[in-house]
Amino acid sequence: MDAILLQILNGLDKGSAYALIALGLTLIFGTLGVVNFAHGALFMIGAFCAVTMQRLFSLSYEVVDETQTDFLGNPLKVQVPYVEGWFGEGAGTTLIDWSVPLAIIATIPVMMLIGWAMERGLIKHFYKRPHADQILVTFGLAIVLQEFIRYFFGANPIQTPAPSDYQGTVQLTQAIAYPVWRLIYFFFSAFVIAGVFAFLQFTTFGMVVRAGMADRETVGLLGIDIDKRFTLMFGIAAAVAGLAGVMYTPILSPNYHMGMDFLVLSFVVVVVGGMGSLPGAVAAGFLLGILQSFASMNEVKSLIPGIDQVIIYLVAIVILLTRPRGLMGRKGVMED
Amino acid sequence: MGILEVKGVNKRFGGLQALGDVNLSVQENTCHAIIGPNGAGKSTLLNVLVGKLIPDSGSVMFDGNSVLGRKPHEINQMGISRVFQTPEIFGDLTVIENVMIPCFAKRDGAFRMHAYETVAAEKDIREKAEAILEDVNMLDKLNMHAASMSRGDKRRLEMAMCLVQEPRLLLLDEPTAGMARADTEATIQLLKDIRVKRGLTMAIIEHDMNVVFSLAERITVLAQGTPLVEDTPDNIKGHPKVREAYLGEAQV
Amino acid sequence: MFGLSQKDTKFLLIVVALTLLTPILLNPFPSESGLAQFNAGYPALMQRFAIYGLMAIGFNILFGLTGYLSFGHAAFLGVGSYAAVWMFKLLSMNVLPAIILATIVSGLFALVIGYISLRRSGIYFSILTLAFAEMSYRLAYSVFTPITNGETGLQLTLSDPRILDSAPEGGSLPVPTLFGLDMNASWTANVGPWDFTFNIGYYFCAVIAILGFYLSLRIFRSPFGMMLRAIKSNQTRMSYTGLNSRPYTLAAFVISGMYAGLAGGLLAAMDPLAGAERMQWTASGEVVLMTIMGGVGTLMGPVIGAGFIKYAENIFSKINESVLHGWFGWLPDGLEDIVVWFFARFVGEGWHLTLGLMFMIVVIALPGGLVEGGQRIARWVRRKSGRETAADETTKPAE
Chain A
33 MDAILLQILN GLDKGSAYAL IALGLTLIFG TLGVVNFAHG ALFMIGAFCA VTMQRLFSLS
93 YEVVDETQTD FLGNPLKVQV PYVEGWFGEG AGTTLIDWSV PLAIIATIPV MMLIGWAMER
153 GLIKHFYKRP HADQILVTFG LAIVLQEFIR YFFGANPIQT PAPSDYQGTV QLTQAIAYPV
213 WRLIYFFFSA FVIAGVFAFL QFTTFGMVVR AGMADRETVG LLGIDIDKRF TLMFGIAAAV
273 AGLAGVMYTP ILSPNYHMGM DFLVLSFVVV VVGGMGSLPG AVAAGFLLGI LQSFASMNEV
333 KSLIPGIDQV IIYLVAIVIL LTRPRGLMGR KGVMED
Chain B
8 MGILEVKGVN KRFGGLQALG DVNLSVQENT CHAIIGPNGA GKSTLLNVLV GKLIPDSGSV
68 MFDGNSVLGR KPHEINQMGI SRVFQTPEIF GDLTVIENVM IPCFAKRDGA FRMHAYETVA
128 AEKDIREKAE AILEDVNMLD KLNMHAASMS RGDKRRLEMA MCLVQEPRLL LLDEPTAGMA
188 RADTEATIQL LKDIRVKRGL TMAIIEHDMN VVFSLAERIT VLAQGTPLVE DTPDNIKGHP
248 KVREAYLGEA QV
Chain C
470 MFGLSQKDTK FLLIVVALTL LTPILLNPFP SESGLAQFNA GYPALMQRFA IYGLMAIGFN
530 ILFGLTGYLS FGHAAFLGVG SYAAVWMFKL LSMNVLPAII LATIVSGLFA LVIGYISLRR
590 SGIYFSILTL AFAEMSYRLA YSVFTPITNG ETGLQLTLSD PRILDSAPEG GSLPVPTLFG
650 LDMNASWTAN VGPWDFTFNI GYYFCAVIAI LGFYLSLRIF RSPFGMMLRA IKSNQTRMSY
710 TGLNSRPYTL AAFVISGMYA GLAGGLLAAM DPLAGAERMQ WTASGEVVLM TIMGGVGTLM
770 GPVIGAGFIK YAENIFSKIN ESVLHGWFGW LPDGLEDIVV WFFARFVGEG WHLTLGLMFM
830 IVVIALPGGL VEGGQRIARW VRRKSGRETA ADETTKPAE
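From first to last, the protein sequence lines are chains A, B and C. Per the numbering used here, the very first residue in the first sequence carries number 33; after that it's consecutive. Per the numbering used here, the very first residue in the second sequence carries number 8; after that it's consecutive. Per the numbering used here, the very first residue in the third sequence carries number 470; after that it's consecutive.
Right, here's the structure in full:
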């Protein structure tokens, strides 16, 4: 029993990330009809928002500390972060320690701005073009964004630890000790997902968007300017991907190609969930995350060698062949 | 015994009875029109005939063979061609290529791996394609991109593509929908000429009564998925049930 | 000639001539000059031009003609490489059996993957091919280690059986040959300040690539090719014309898979090792980039695209800031630094950025790729020189 629970828990953090990225992809696809291959890059940029925050907080000036000396007997020069200078040592250290969660505050406007710029600057010209063109141009954009990040942050993964209070494990049952941050990540994702759904469900704006997802033309005929709202949806989707990235950094040290790595998997998730279905994307995200963690159990691996490497793709292939609209997709989406 | 025999076909979509016990017999070398108010099931029937939809019950026999359960391309190879309401053509190809493709389909069947021959060497096919394009007055547009033509030209091209296959049954789905008066007349004339020249069995769905009465020899009136009457155009004109079906619709 | 129209024959002959003269054409700068670093006429790079050109030609048969966008073609390249190296290990260092087996094995592999993937179209097809390729890539790293030698990659060893060859002399690894002609053998001609390297391996690849190009030309001009274009244009009309799209697309898929496998076999023939990283989906993405960049659906475009990307990868990436300082030394100091800084972003390690940007520009504004760009410039030049005739306007790009 514990073993099963453990695998489910182990699948949650990856599943949460998949679900969040797939949710954004589906929002964009459902509202704008655009297949966005740059969505993984948005996830990556989110992660690097956390890195930037950490670097900003750690920006330091030099002071000469008379109380300490180096081995030659000269007074020691000490790097003091500005934040410590401004807010006092205790508050400053806490700020640096908390840079990942604090980055959330900066990430939301930054990502919405990036999403808005992407939509207005590029994507909107591709609404009427074939899906293949959309894939290609966003693929090109993903390469460009990835290279920018590599230029500014280098090619190596950058450690961005969680606040020190949340680095340990928590004893869930007697047998299971689970990393605290992963639990936080799961609840955080659940919160974001709930937020997005509540937004769509209970605001007039959300209602229009949902109606637009169901039948774009009719809503357009009602005289509602769908496009303006959809631009905002692109910003929201980008913010969701960014949030997924920020909070994921303590689990996986961000590197410039993490976007591409997650992109493929999240597309698989979207397809399994059903193109255009938001609940499908979320469900499939968690489902595949958990399946993947079950497949990496030694008992399973010894039974079917290599299954942990391919389980997600295998599921995707089977679903696509037997149920092309995915678990919860509507019929006819993107079928000829 | 007609070339096309539809017997007791039923089709439901959820709670809606789209086709209810439809019987239809199309005789060889006639033009058979199927008319009826909107939602009468005309398009559903057509889609059953070409294999796009499979009915819940009943039989559809074409020249003694069942078409049910066959794929659209198999049904086409049996000799049924279809003209669509909005022309379905190969927009990226030239006009002559559009017509050569059905010629290849007719000669080589549903698939042939002729990857090493050249199109240029297929003189017979080209002649055949040019002959039909002459019939529809499109010889001057041979190398035009099909997508760049007017709707009327696309319609004529689509008909040429169907006719070049020498189908044993040509299904026409509102061939004059959205056409100007003059184009409609030209289309009627075109179909008449081709029937005289090539002898052709046609089943036509049409709203325009002018078209129906100038072409059809038999008319079936569908209403709410069921055939109301089947008769000659003259008898249909004054038929009370037909008037009821159409007027009933008009009053709603 | 060769069953082609006069125009196509001329076109083919030009391509043949250019290919055979590549070692000269790509070395336009004297070896001692400062511009020598732009010379691309060295064997390893020329081989890559031919090999990736061949792969892009094959990819274009699928994507250019039918419009099915596969994100899994690198898997066939990888399988071809493995098959070829195994041939080198087990049978003989002769390259012919190796590339033949590479083509056959990848063809069978493509048959299986294509048969399944082509049940869906559009983005679903793309994702299916992507999923298959990623599976192959990951399995090559894990379960299939006995065949692929995992992360180390498959290499030749002295203890390989090589049943047709005699034991290697001197304890060094044998090199791939074509009936005694070593693939790595080169002959350098010194013409004045210029050095031209003629390499056996390159010419072998070039001949195969020309054959591949010729075959693709035939396919483009064949009824089969016309059917593939028809599928791209309108599948509904296709089936209501009595044609079954599935075997046509499958045939195109298998043919393009065999091109990729052949390319993989040639890669192994030039350098007898094979690694799983060749199968990664980003490698598939590179072929897509090449084809689009050069001009999808055109005959020559994919080759140009492949050449461009490989050139950028090998030449642009070597330009660093000190080289740039050398070029812009004549500028005032402050300006020089700015200009150098700016250009440095796009060369050296930044060449990926250049690639991504150019790719986006092509997709946004030049659907016909570099080929279309060239045609537009040519038309513009003609218009400028006032020699334009009405005929030029209506001439459609044939290539």
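For every residue, glycine included, the Cβ atom is placed at its ideal position computed from N, Cα and C. All of these numbers come straight from a predicted model, not from anything done at the bench.
Inset, instruction - Kindly indicate if chain B contains any beta-carbon less than 8 Å away from that of S586 (chain C). - result: Against the third sequence, residue 586 (chain C) aligns to sequence position 117. Output row for S586 (chain C): interface = no.
Inset, instruction - Under 9 Å between beta-carbons, which chain A residues line up against F545 (chain C)? List them in chain order, please. - result: Residue mapping note: residue 545 (chain C) aligns to position 76 of the third sequence, counting from 1. Around F545 (chain C), no beta-carbon contact reaches into chain A at under 9 Å, the shortest distance being about 17 Å.
Inset, instruction - Starting from the N-terminal side, write out each stretch of the alpha helix (DSSP H) that is 4 residues or longer and does not extend beyond the segment 161-218 of chain A. - result: 163-185
Inset, instruction - Please list the segments of the alpha helix (DSSP H) lying wholly inside the segment 667-710 of chain C, counting only runs of 4 or more residues, in order along the chain. - result: If we require 4 residues or more, the alpha helix (DSSP H) runs fully inside the segment 667-710 of chain C come out as 669-690, 692-702, 704-708.
Inset, instruction - Could you run through the segment 675-703 of chain C and flag, in chain order, every residue whose CB is less than 8 Å away from some CB of chain B? - result: Along the segment 675-703 of chain C, going in chain order, the ones with a CB nearer than 8 Å to a CB of chain B are R687, I688, R690, S691, P692, F693, G694, M695, M696, R698, A699, K701, S702, N703.
Legend entry - Residue-chain proximity (G728 (chain C), chain B), Cβ-Cβ < 8 Å: The residue labelled residue 728 (chain C) in the question sits at position 259 within the third sequence. Reading off the sequence, residue 728 (chain C) comes out as Tyr, not Gly. By this cut-off, Y728 (chain C) is not an interface position.
Legend entry - Endpoints, beta strand (DSSP E) assigned at F69 (chain B): Numbered from 1 along the second sequence, position 62 holds the residue referred to as residue 69 (chain B). Note, F69 (chain B): beta strand (DSSP E), 64-69.
Legend entry - Whole-Å CB distance - I41 (chain B) paired with L52 (chain B), under 8 Å assumed: Within the second sequence, numbered from 1, the residue matching residue 41 (chain B) stands at position 34. Within the second sequence, numbered from 1, the residue matching residue 52 (chain B) stands at position 45. With a Cβ gap of about 7 Å, I41 (chain B) and L52 (chain B) count as contacting.
Inset, instruction - Quickly, what does DSSP pair T101 (chain A) with across the bridge? List them, please. - result: For the purposes of this step, residue 101 (chain A) is taken as residue 69 along the first sequence, with counting starting at 1. T101 (chain A) pairs with A:P107.
Legend entry - Rounded C-alpha distance that separates L546 (chain C) from F220 (chain A): In the third sequence, the residue the question calls residue 546 (chain C) occupies position 77. In the first sequence, the residue the question calls residue 220 (chain A) occupies position 188. Taking the straight line joining both Cα atoms gives about 42 Å.
Inset, instruction - Give me the Cα-Cα distance between M292 (chain A) and V171 (chain B), rounded to the nearest whole angstrom. - result: Along the first sequence, one-based indexing puts residue 292 (chain A) at 260. Along the second sequence, one-based indexing puts residue 171 (chain B) at 164. Their backbone Cα atoms lie some 50 Å apart in a straight line.
Inset, instruction - Closer than 7 Å by C-beta to T101 (chain A): which residues in its own chain qualify, once you throw out the five before and the five after it? Chain order, please. - result: Here residue 101 (chain A) is taken as the residue at index 69 of the first sequence, counted from 1. So the list reads P107, L108, once near-sequence residues are dropped.
Inset, instruction - Rounded to whole angstroms, what's the CA-CA distance from K78 (chain B) to T535 (chain C)? Just pull it up for me. - result: In the second sequence, residue 78 (chain B) corresponds to position 71, counting from 1. In the third sequence, residue 535 (chain C) corresponds to position 66, counting from 1. Distance between the alpha carbons of K78 (chain B) and T535 (chain C): 21 Å.
Legend entry - Member of A:G62, A:M239, A:I349, A:P189 whose CA lies at the smallest distance from the CA of F266 (chain A): Position 234 of the first sequence holds residue 266 (chain A). Closest by alpha carbon: A:G62.
Inset, instruction - Report yes if the C-beta distance between G98 (chain B) and A153 (chain B) is below 8 Å; otherwise report no. - result: In the second sequence, residue 98 (chain B) corresponds to position 91, counting from 1. In the second sequence, residue 153 (chain B) corresponds to position 146, counting from 1. Yes, the pair counts as a contact, with Cβ atoms nearer than the cut-off.
Legend entry - Short CB-CB distance (under 8 Å) between N713 (chain C) and chain B: Counted from its first residue, the third sequence places residue 713 (chain C) at position 244. It does; some Cβ of chain B falls within 8 Å.
Inset, instruction - Tell me whether S221 (chain A) sits in a helix, a strand or coil according to DSSP, three-state version. - result: For this step, residue 221 (chain A) is matched to residue 189 along the first sequence. Three-state DSSP puts S221 (chain A) in a helix.
Inset, instruction - Leaving aside the five residues before and after R250 (chain B) along the sequence, list all residues of the same chain whose C-beta is less than 6 Å from its C-beta, in chain order. - result: What you label residue 250 (chain B) is simply residue 243 of the second sequence in a count that begins at 1. For R250 (chain B), where only same-chain residues beyond five positions count, there are no Cβ hits under 6 Å.
Legend entry - Among C:E603, C:G619, C:L490, the one whose alpha carbon lies nearest that of Y610 (chain C): The residue labelled residue 610 (chain C) in the question sits at position 141 within the third sequence. Among C:E603, C:G619, C:L490, the Cα nearest to that of Y610 (chain C) belongs to C:G619.
Legend entry - Option in A:S325, A:G358, A:A271 with minimal Cα separation from I137 (chain A): On the first sequence, position 105 is the one that residue 137 (chain A) refers to. Residue A:A271 is the option with its Cα nearest to I137 (chain A).
Inset, instruction - With DSSP as the reference, label H542 (chain C) as helix, strand or coil. - result: Counting from 1 along the third sequence, the entry for residue 542 (chain C) is found at position 73. Reduced to three states, the DSSP call for H542 (chain C) is helix.
Inset, instruction - Flag this pair as yes or no: are the beta carbons of A525 (chain C) and A775 (chain C) separated by less than 8 Å? - result: Position 56 of the third sequence holds residue 525 (chain C). Position 306 of the third sequence holds residue 775 (chain C). Yes, they are a contact pair.
Inset, instruction - Take the Cβ of L642 (chain C) as the centre, count every other Cβ of all protein chains shown within 10 Å, and call the residue buried at 16 or more, exposed below. - result: The residue labelled residue 642 (chain C) in the question sits at position 173 within the third sequence. Exposed, since its Cβ has fewer than 16 Cβ neighbours within 10 Å.
Inset, instruction - Consider the Cβ of A273 (chain A): report whether some Cβ of chain C lies at a distance smaller than 8 Å. - result: Residue 273 (chain A) sits at position 241 when you count from the first residue of the first sequence. So, not an interface residue.
Legend entry - Interface flag, L175 (chain B) vs chain C, CB-CB below 8 Å: Mapped onto the second sequence, residue 175 (chain B) falls at position 168. The sequence given here places Arg at residue 175 (chain B); Leu does not occur at that position. Taking Cβ atoms only, chain C never reaches closer than 8 Å to R175 (chain B), which makes this a no.
Inset, instruction - Starting from W656 (chain C), trace the beta strand (DSSP E) both ways and give me its first and last residue. - result: Within the third sequence, the letter at position 187 stands for residue 656 (chain C). 655-660 is the span of the beta strand (DSSP E), which, as asked, contains W656 (chain C).
Inset, instruction - Let me know the beta strand (DSSP E) ranges lying completely inside the segment 10-34 of chain B, each 3 residues or longer, listed in chain order. - result: 11-20, 23-33
Inset, instruction - Identify each residue in the segment 552-570 of chain C for which the Cβ-Cβ distance to at least one residue of chain B is less than 8 Å, and report them in chain order. - result: none
Legend entry - Burial state of P182 (chain B) (16 or more Cβ within 10 Å): Position 175 of the second sequence, counted from the start, is the residue given in the question as residue 182 (chain B). Counting other Cβ atoms within 10 Å of its Cβ, P182 (chain B) reaches 16 or more and is therefore classed as buried.
Inset, instruction - Please confirm if A127 (chain B) has its CB atom under 8 Å from at least one CB of chain C. - result: Taking the first residue of the second sequence as position 1, residue 127 (chain B) is located at position 120. Taking Cβ atoms only, chain C reaches closer than 8 Å to A127 (chain B), which makes this a yes.
Legend entry - Integer Cβ distance of V90 (chain B) from V13 (chain B), believed to fall under 8 Å: Indexing the second sequence from 1 puts residue 90 (chain B) at position 83. Indexing the second sequence from 1 puts residue 13 (chain B) at position 6. That pair is no contact at about 19 Å.
Legend entry - Assigned exposure category for E179 (chain A) - 16 Cβ within 10 Å defines buried: Within the first sequence, numbered from 1, the residue matching residue 179 (chain A) stands at position 147. Buried, since its Cβ has 16 or more Cβ neighbours within 10 Å.
Inset, instruction - Can you tell me which of the three DSSP states S155 (chain B) falls into? - result: To locate residue 155 (chain B), count along the second sequence from 1; it is residue 148. Helix.
Inset, instruction - Answer yes or no: does any C-beta atom of chain C fall closer than 8 Å to that of N144 (chain B)? - result: The residue labelled residue 144 (chain B) in the question sits at position 137 within the second sequence. False, the Cβ-Cβ gap to chain C never drops below 8 Å.
Legend entry - Within 8 Å, strictly: CB atoms of G770 (chain C) and L839 (chain C): As a first step, residue 770 (chain C) must be located in the third sequence, where it is residue number 301. As a first step, residue 839 (chain C) must be located in the third sequence, where it is residue number 370. Yes, these two residues count as a Cβ contact at 8 Å.
Legend entry - Backbone secondary structure at F491 (chain C) - three-state DSSP: Stepping through the third sequence from its first residue, residue 491 (chain C) is reached at position 22. With the sequence shown as reference, residue 491 (chain C) is identified as Thr, and Phe is not the correct amino acid for it. Looking at T491 (chain C) - three-state DSSP - the assignment turns out to be helix.
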